[in-house]
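Numbering (numbering that gives the first Met the number 0), first residue to last: 0 to 149. Glycine included, each C-beta is placed from N, C-alpha and C at the ideal position. Note that this is a predicted model, so its numbers are computed, not measured. Comments concern the structure below.
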Amino acid sequence: MNTLGLKTTVGAFTLAILLSAGTLSAQTKKTGTDLRTDVQPITNSLSKISQLEPLTFKYKQEDIKKLNLPAGLQYGFIPEDVQRVLPEVVKNESKMIPAGKNAFKTTSVKNIDLEALIPVLVGSIKEQQAEIEALKKEIQSLKSVAAVGN
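So, in structure tokens, the structure goes:
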């Protein structure tokens, strides 16, 4: 299989073009802080992440084909549970599903933007690490007091 790729960055935009097996695809990606406004730190990340319940599951057999879902064991979350904690990362997506011969109907499916969870996860790790460091200092302080008392 022959693949030809081109990637270039102009200002705050990156353009990637990939030609493989006769298929051409192009992707643009905006980067840089000049594209963002109202930048705020994420707070209470650990509290938010602690409310999520990671699960394993399998999609229902009848939905796998209709909705083009992956078969087998999946790792993830229940979208409605995530929506209660982080509503911004759950989106409704319309999908066309077969509804008879040459007929389709539209159904709405909730999807979790897992990439949007990454900054919240990083924030929770940082918060947890700060707690660990504070506890280490407290333990060291208690050890010092105990050593003086002996």
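Just measuring C-alpha positions, the residue of Thr-32, Val-88, Arg-35, Asn-110 sitting nearest Ile-117 is Val-88. Spanning the alpha carbons of Val-84 and Lys-104 requires a straight line of approximately 31 Å. Secondary structure of Pro-40 (DSSP, three-state): coil. If you look at Gln-60, you'll find it isn't in any beta strand (DSSP E); it sits in the alpha helix (DSSP H) that goes 60 to 65.
Within its own chain, the residues whose Cβ lies closer than 7 Å to the Cβ of Met-95, once the five positions on either side in sequence are excluded, are Phe-103, Thr-105, listed in chain order. In the displayed model, Glu-132 falls within a helix according to three-state DSSP. With contacts defined as CB atoms closer than 8 Å, Ile-48 and Leu-120 qualify as a contacting pair. DSSP places Pro-78 in the uninterrupted alpha helix (DSSP H) bounded by 78 to 84. For the 8 Å CB-CB criterion, Pro-97 and Lys-59 do not form a contact. Scanning its chain for C-beta atoms nearer than 8 Å, with the 5 sequence neighbours on each side dropped, one finds no residue around Val-147.
Bridge partners of Lys-100 according to DSSP: none are assigned. Taking all protein chains shown into account, Val-38 has fewer than 16 neighbouring C-beta atoms within 10 Å of its C-beta and is therefore exposed. With a cutoff of 8 Å on beta-carbon distance, Ser-46 and Gly-122 are scored as not near each other. If you draw a 10 Å sphere on the C-beta of Val-144, you find fewer than 16 other C-beta atoms in it, and that means exposed.
When the alpha-carbon of Thr-55 is set against those of Gln-73, Leu-141, Ile-41, Ser-107, the nearest one is in Gln-73.
Around the beta carbon of Leu-51, 16 or more other beta carbons sit within 10 angstroms, so the residue counts as buried.
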